[in-house]
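Trainee:
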Amino acid sequence: MDKKHSSKNQKFIDAEFALGQIPKIKSPKLIRNWIIWLEQRPYEQGRTTLMARPWGNSNFVSKELTSNTVNIKSRLHGYGGGEYACANLGNELIITWIDDIDQGLWLQKWSFQESSSHGQVTEIKESSTPICLCVQEGYIVADGLIDLERNRWIGVMEKNKQDYLVCFSLDAAYQAPQILYKATDFIGYPSLSPDAKKLSWVEWQNPYMPWDSSQICLGLLDGMGELFFPSILQKIKDFNTEQNSIFQPIWLTNGQLVLAEESSGWWNLAVIAADISEEHFADFHKLWPMKVELASPQWISGISTISPIENGILALGCEEAKWSMQTLDKQGIVQKIQLPFHNLSSLSSERHKAVAIASNSYTSPGLLEVDLKTGEWKHQASKENLLNSADISSAQSFWFKGFGGAMTHAWYYPPIQGRSAYSPLLVKAHSGPTSMTNSGLDLEIQFWTSRGWTVLDVNYSGSSGFGRAYRDRLKNKWGEADVVDCSAAALELVEAGKVDQNLIAIEGSSAGGFTALCCLCFTKTFKVASCKYPVSDLIAMQKSTHRFEEYYLDYLVGKFETYSKLYESRSPINNVEKIDSPLILFQGMKDQVVLPEQTINIFQNLDSRNIPVELYTYKNEGHGFRNGNTRVDVLKKTESFFRKHLLI
Numbered sequence: 003m004d005k006k007h008s009s010k011n012q013k014f015i016d017a018e019f020a021l022g023q024i025p026k027i028k029s030p031k032l033i034r035n036w037i038i039w040l041e042q043r044p045y046e047q048g049r050t051t052l053m054a055r056p057w058g059n060s061n062f063v064s065k066e067l068t069s070n071t072v073n074i075k076s077r078l079h080g081y082g083g084g085e086y087a088c089a090n091l092g093n094e095l096i097i098t099w100i101d102d103i104d105q106g107l108w109l110q111k112w113s114f115q116e117s118s119s120h121g122q123v124t125e126i127k128e129s130s131t132p133i134c135l136c137v138q139e140g141y142i143v144a145d146g147l148i149d150l151e152r153n154r155w156i157g158v159m160e161k162n163k164q165d166y167l168v169c170f171s172l173d174a175a176y177q178a179p180q181i182l183y184k185a186t187d188f189i190g191y192p193s194l195s196p197d198a199k200k201l202s203w204v205e206w207q208n209p210y211m212p213w214d215s216s217q218i219c220l221g222l223l224d225g226m227g228e229l230f231f232p233s234i235l236q237k238i239k240d241f242n243t244e245q246n247s248i249f250q251p252i253w254l255t256n257g258q259l260v261l262a263e264e265s266s267g268w269w270n271l272a273v274i275a276a277d278i279s280e281e282h283f284a285d286f287h288k289l290w291p292m293k294v295e296l297a298s299p300q301w302i303s304g305i306s307t308i309s310p311i312e313n314g315i316l317a318l319g320c321e322e323a324k325w326s327m328q329t330l331d332k333q334g335i336v337q338k339i340q341l342p343f344h345n346l347s348s349l350s351s352e353r354h355k356a357v358a359i360a361s362n363s364y365t366s367p368g369l370l371e372v373d374l375k376t377g378e379w380k381h382q383a384s385k386e387n388l389l390n391s392a393d394i395s396s397a398q399s400f401w402f403k404g405f406g407g408a409m410t411h412a413w414y415y416p417p418i419q420g421r422s423a424y425s426p427l428l429v430k431a432h433s434g435p436t437s438m439t440n441s442g443l444d445l446e447i448q449f450w451t452s453r454g455w456t457v458l459d460v461n462y463s464g465s466s467g468f469g470r471a472y473r474d475r476l477k478n479k480w481g482e483a484d485v486v487d488c489s490a491a492a493l494e495l496v497e498a499g500k501v502d503q504n505l506i507a508i509e510g511s512s513a514g515g516f517t518a519l520c521c522l523c524f525t526k527t528f529k530v531a532s533c534k535y536p537v538s539d540l541i542a543m544q545k546s547t548h549r550f551e552e553y554y555l556d557y558l559v560g561k562f563e564t565y566s567k568l569y570e571s572r573s574p575i576n577n578v579e580k581i582d583s584p585l586i587l588f589q590g591m592k593d594q595v596v597l598p599e600q601t602i603n604i605f606q607n608l609d610s611r612n613i614p615v616e617l618y619t620y621k622n623e624g625h626g627f628r629n630g631n632t633r634v635d636v637l638k639k640t641e642s643f644f645r646k647h648l649l650i
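Spelled out as structure tokens, the structure:
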């Protein structure tokens with residue numbers, strides 16, 4: 003590192019510390035005063051296992067529930083999610099999960115052990131061996147729930163480009179699925195009413211994605227568990243329309259449904275008094291209107307931002323890329339819970355207790371436990387933070403004029419104190435492209451800021467968390483609006499004298515990789531780039547992409563039959579001759595979303611023109627690198643490549 007961009011006593015964060023050993027916590031659930039969660043371990047080739055410990059007792063040694071031969075992962079709709087379900091019956095804990103190794107739906111039971119002196123559950127012990135309810139041959143199941151009333155698992159099955167609601171008994175091994183309902187296209191979020199007599203779910207049909215247009219559906223369950231009168235709730239005015247989307251319906255104890263819906267342009271909550279009749283009528287009320295997003299795009303199954311509590315609803319809300327936790331009561335009162343965390347996800351609650359995943363600028367993501375009666379909270383990070391606050395670059399909200407002059411958001415991370423002006427700049431383009439960057443502690447970003455880099459994490463046009471209008475800025479403009487935004491953000495820092503215009507890099511993966519490649523093709527702002535499994539050929543993607551995103555390009559670019567020339571002109575592979583900046587590429591050879599051929603073609607084209615380009619492939623990785631060693635290798639190679647070609 004050149005002296006101009008380094009300080010004398012600065013401690014560099016190494017790649018192994020940033021990425022190699024930190025387990026990822028996912029999908030916590032609160033059940034009988036115990037927290038159950040998934041832990042993805044990069045040091046075990048990305049294997050995911052089930053963990054448990056008592057709520058409010060972070061000193062308790064967390065218990066691993068599944069064996070080291072189990073890897074919990076769903077493949078529903080290509081991106082997975084909804085990998086496990088759990089329920090409590092008496093002193094028994096029942097958990098089902100999807101095992102990626104054999105693609106089976108598995109079940110195991112544990113017993114809660116109470117302390118004789120305090121009457122509190124202090125341990126859970128196995129009470130049965132795992133049994134395989136089904137092996138997924140020719141179909142995929144996930145996003146399920148446990149129906150204790152009928153002793154069965156109910157969930158979504160994907161088979162032959164069709165979604166179904168299906169069930170399996172909890173008592174028999176290697177069953178065939180029992181079909182309850184067949185959808186036109188897609189299903190998500192099945193939810194059982196407290197009396198087990200009603201089942202709700204979300205449906206969406208091609209050509210829409212679930213966050214663009216979806217409907218709330220409802221059916222009755224008879225004594226034998228058969229589903230009848232299944233239907234979209236048709237008579238909700240301005241509710242089930244092409245311009246609305248539905249998120250996470252949950253049941254309250256009084257039999258009402260609560261869900262997030264977007265008819266106002268923001269994902270707000272509505273309460274539905276669902277009444278199945280021949281007209282499938284439902285009355286609903288929007289009690290809490292606000293310009294806050296209480297949901298997020300359903301790229302994976304099982305995302306949770308809403309949960310019932312004793313006297314109302316608990317929800318996570320996003321305002322200007324910062325999340326908060328709030329209670330909402332039946333009188334329309336919203337009360338924000340004071341917490342020092344602004345990145346929150348995966349909400350679960352039981353009576354007056356709540357759990358979520360939380361982080362802030364100085365704290366890594368971890369389990370957050372909140373007592374809703376007292377307001378007291380505890381946080382246990384997935385990895386102890388060994389950094390001093392002075393060694394951390396805290397995210398600053400940064401607004402700038404982007405595409406069409408619209409105000410656009412990014413998170414700005416200045417280099418650590420002691421750096422001089424005119425530092426190198428790394429612009430990060432997130433994936434999705436409907437994702438959203440947050441300001442929680444990201445050690446990969448700190449890897450760069452500790453080395454004297456400024457980082458801009460851009461919420462370009464199309465990002466979620468800012469309302470539908472912001473998200474719809476990308477409609478038919480992918481490869482244009484996002485490119486202008488990333489370039490404008492960088493140039494504003496150049497104009498402010500904060501970064502060196504000759505030392506600007508960009509990186510992205512998947513859709514963010516597409517944005518990064520387009521930035522190289524259509525601007526001269528960026529001097530070097532790194533892309534992981536980037537989309538580079540829109541025509542090839544349109545012809546080969548998986549079922550979930552089969553029509554997504556209709557929204558992002560336009561219908562192929564009408565806009566085929568636009569597909570061609572915006573594809574980086576057709577503009578590769580415009581790229582004259584060095585590029586490093588990374589690709590998983592098991593990727594079914596962005597086929598390896600796309601990345602290989604970019605490499606071969608640049609290499610034939612003697613443009614500095616490197617390609618690294620990983621035979622056991624798919625779309626999204628899970629192995630810690632892979633992620634460390636990518637970060638090290640990227641940093642070395644940038645230093646080499648920026649001469650720093």
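For the sequence shown, my numbering gives the first residue as 3, with consecutive numbering after it.
For each residue, glycine too, the CB sits at the ideal point set by N, CA and C.
1) Going by other Cβ atoms of all chains shown within 10 Å of its Cβ, with 16 needed for buried, is HIS7 buried or exposed?
2) Measure how close the beta-carbons of ASP474 and THR517 come, nearest whole angstrom, since I'm counting them as under 8 Å.
3) To which residues does DSSP link ARG43 through a beta bridge?
4) Can you give the beta carbon distance from GLY469 to LYS293, rounded, assuming they're within the 8 Å contact cut?
5) Excluding sequence positions up to five away, which residues of its chain have a Cβ less than 7 Å from the Cβ of LEU476?
6) Checking the sheet assignment: what are the DSSP bridge partners for ALA412?
7) Buried or exposed, going by whether 16 or more other CB atoms sit within 10 Å of the CB of THR386?
8) Answer with buried or exposed for MET211, where buried requires no fewer than 16 other C-beta atoms within 10 angstroms of its C-beta.
9) When you compare the segment 177-187 with the segment 91-105, are there three or more beta-carbon pairs, one atom per stretch, that lie closer than 8 Å?
10) Taking a contact to mean a Cβ-Cβ separation below 9 Å, would you say SER326 touches GLN250 in this structure?
11) Alpha carbons only, please: which of GLY58, GLU128 and SER76 is nearest the one belonging to TRP66?
12) Which residue's Cα is closest to the Cα of GLU160: HIS79, MET226, THR527 and LEU222?
13) Tell me which residues share the same chain as GLY467 and place their Cβ nearer than 6 Å to its Cβ, disregarding the 5 neighbours each side in the sequence.
14) From TYR535 to GLY515, what does the alpha carbon distance come to, in whole angstroms?
15) Out of LYS288, TRP413 and ASN390, state which residue places its alpha-carbon closest to the alpha-carbon of ASN345.
16) CB GLY106 to CB LEU135, shorter than 9 Å?
17) Could you tell me whether the segment 21-37 touches the segment 604-620, using the rule of 3 or more Cβ pairs below 8 Å?
18) Taking the straight line between their C-alpha atoms, what separation do you get for LYS10 and ASP582?
19) Tell me whether SER511 sits in a helix, a strand or coil according to DSSP, three-state version.
20) DSSP three-state label for ASP474, please.
21) Run through the DSSP bridge pairs and tell me what TRP450 is partnered with.
22) If contact is defined by three or more beta carbon pairs under 8 Å, each pair taking one atom from either stretch, is the segment 185-205 in contact with the segment 247-264?
23) Taking 9 Å as the cut-off, decide whether the C-beta atoms of LEU568 and PHE588 are in contact.
24) So, is ALA174 buried or exposed, given that buried needs 16 or more other C-beta atoms within 10 angstroms?
25) Excluding the 5 residues preceding and the 5 following GLY304 in the sequence, name in chain order all residues of the same chain whose CB lies nearer than 7 Å to its CB.
26) Going residue by residue through the segment 596-627, where are the continuous beta strand (DSSP E) segments of at least 3 residues, counting only ones entirely within it?
27) Alpha carbon to alpha carbon, how far is PHE343 from LYS75? Give it in angstroms, no decimals.
28) At the level of alpha carbons, what is the spacing between VAL596 and GLY510?
29) Hey, LEU229 and LEU201: beta-carbon distance below 9 Å or not?
30) Tell me the residue span of the alpha helix (DSSP H) that contains GLN544.
31) Name the two residues that bound the continuous alpha helix (DSSP H) containing LEU2.
32) Indicate the three-state DSSP secondary structure (helix, strand or coil) for ASN345 in the structure shown.
33) Please classify THR601 as buried or exposed, where buried requires at least 16 neighbouring CB atoms within 10 angstroms.
34) Just to confirm the assignment, what range does the alpha helix (DSSP H) spanning LYS567 have?
35) Among the candidates ILE575, LYS479, ASP593 and SER538, whose CA atom is the shortest distance from the CA of ASP556?
36) CB-CB under 7 Å to SER130, same chain, minus the five flanking residues each way: which ones, in chain order?
Mentor: To lay it out plainly:
1) By 1-based counting over the sequence shown, the position of residue 7 is 5. With a pLDDT of only 38 at HIS7, under the threshold of 50, the placement of this residue in the model should not be trusted; the figure read from the coordinates follows. Burial check for HIS7: the Cβ neighbour count within 10 Å reaches 16 or more, so the residue is buried.
2) To locate residue 474, count along the sequence shown from 1; it is residue 472. To locate residue 517, count along the sequence shown from 1; it is residue 515. About 17 Å separates the two Cβ atoms, so there is no contact after all.
3) Position 41 of the sequence shown holds residue 43. ARG49.
4) Numbered from 1 along the sequence shown, position 467 holds the residue referred to as residue 469. Numbered from 1 along the sequence shown, position 291 holds the residue referred to as residue 293. Indeed they touch by this definition, with Cβ atoms about 7 Å apart.
5) In the sequence shown, the residue the question calls residue 476 occupies position 474. Residues PRO435, SER463, GLY464, ALA483, ASP484 and LEU558 of the same chain have their beta carbon placed closer than 7 Å to that of LEU476, with the five preceding and five following residues left out of the count.
6) Here residue 412 is taken as the residue at index 410 of the sequence shown, counted from 1. In DSSP, ALA412 forms a bridge with PHE400 and VAL460.
7) The residue you call residue 386 lines up with position 384 of the sequence shown. Note that residue 386 is Glu in the sequence shown, not Thr. Per the 10 Å Cβ criterion, exposed.
8) Translated into the one-based positions of the sequence shown, residue 211 becomes position 209. With 16 or more Cβ atoms within 10 Å of its Cβ, MET211 is classed as buried.
9) Pairwise C-beta distances place the segment 177-187 out of contact with the segment 91-105, as fewer than three of them are shorter than 8 Å.
10) Position 324 of the sequence shown, counted from the start, is the residue given in the question as residue 326. Position 248 of the sequence shown, counted from the start, is the residue given in the question as residue 250. No.
11) For this step, residue 66 is matched to residue 64 along the sequence shown. Note on identity: in this sequence residue 66 is Glu, with Trp being the wrong assignment. Comparing Cα positions, the closest option is GLU128.
12) For the purposes of this step, residue 160 is taken as residue 158 along the sequence shown, with counting starting at 1. Here the closest residue by C-alpha is HIS79.
13) Residue numbering aside, residue 467 sits at position 465 when the sequence shown is read from its first letter. Within the same chain, GLY467 has close Cβ partners GLU295, CYS320, ALA323 and MET438.
14) Residue numbering aside, residue 535 sits at position 533 when the sequence shown is read from its first letter. Residue numbering aside, residue 515 sits at position 513 when the sequence shown is read from its first letter. Between TYR535 and GLY515, the C-alpha separation is close to 7 Å.
15) Your numbering for residue 345 matches position 343 in the sequence shown. Closest option to ASN345, Cα to Cα, is TRP413.
16) Stepping through the sequence shown from its first residue, residue 106 is reached at position 104. Stepping through the sequence shown from its first residue, residue 135 is reached at position 133. Yes, these two residues count as a Cβ contact at 9 Å.
17) No: the two stretches stay apart, fewer than three of their Cβ pairs being nearer than 8 Å.
18) Numbered from 1 along the sequence shown, position 8 holds the residue referred to as residue 10. Numbered from 1 along the sequence shown, position 580 holds the residue referred to as residue 582. Residue placement at LYS10 is poorly supported in this model, since its pLDDT is 46, which falls under 50; the coordinates still yield a value, given next. Using only the alpha carbons, I get a separation of about 35 Å.
19) Here residue 511 corresponds to residue number 509 of the sequence shown, with the count starting at 1. Three-state result, SER511: strand.
20) Within the sequence shown, numbered from 1, the residue matching residue 474 stands at position 472. Under the three-state reduction of DSSP, ASP474 is assigned to helix.
21) Within the sequence shown, the letter at position 448 stands for residue 450. As DSSP reads the structure, TRP450 sits in no beta bridge.
22) Yes: at least three Cβ pairs fall under 8 Å.
23) The residue labelled residue 568 in the question sits at position 566 within the sequence shown. The residue labelled residue 588 in the question sits at position 586 within the sequence shown. No, these two residues do not count as a Cβ contact at 9 Å.
24) For this step, residue 174 is matched to residue 172 along the sequence shown. Classification for ALA174: exposed.
25) Walking along the sequence shown from the start, residue 304 turns up at place 302. Correct list, in chain order: SER29, GLY83, GLY84 and ASP145.
26) Taken in chain order, the complete beta strand (DSSP E) segments of 3 residues or longer contained in the segment 596-627 are 615-620.
27) Residue numbering aside, residue 75 sits at position 73 when the sequence shown is read from its first letter. Residue numbering aside, residue 343 sits at position 341 when the sequence shown is read from its first letter. Here the C-alpha atom of LYS75 lies approximately 28 Å from the C-alpha atom of PHE343.
28) Within the sequence shown, residue 596 is the residue found at index 594, counting from 1. Within the sequence shown, residue 510 is the residue found at index 508, counting from 1. So the two alpha carbons sit approximately 14 Å from each other.
29) Indexing the sequence shown from 1 puts residue 229 at position 227. Indexing the sequence shown from 1 puts residue 201 at position 199. Between LEU229 and LEU201, the C-beta gap is smaller than 9 Å, which places the two residues in contact.
30) Working through the sequence shown from its first residue, we reach residue 544 at position 542. Per DSSP, GLN544 belongs to the alpha helix (DSSP H) from 540-546.
31) Because the chain is modelled from 3 through 650, residue 2 falls outside the range shown and cannot be assessed.
32) Mapped onto the sequence shown, residue 345 falls at position 343. ASN345 falls in the strand class under three-state DSSP.
33) Taking the sequence shown and counting its residues from 1, one reaches residue 601 at position 599. Flag for THR601 reads buried.
34) Position 565 of the sequence shown, counted from the first residue, corresponds to residue 567. Here the alpha helix (DSSP H) through LYS567 covers 562-572.
35) Position 554 of the sequence shown, counted from the start, is the residue given in the question as residue 556. Its Cα nearest to that of ASP556, the residue LYS479 stands out among ILE575, LYS479, ASP593 and SER538.
36) Stepping through the sequence shown from its first residue, residue 130 is reached at position 128. Within the same chain, Cβ atoms closer than 7 Å to the Cβ of SER130 are found at GLN110 and LYS111, the five residues on either side in sequence being excluded.
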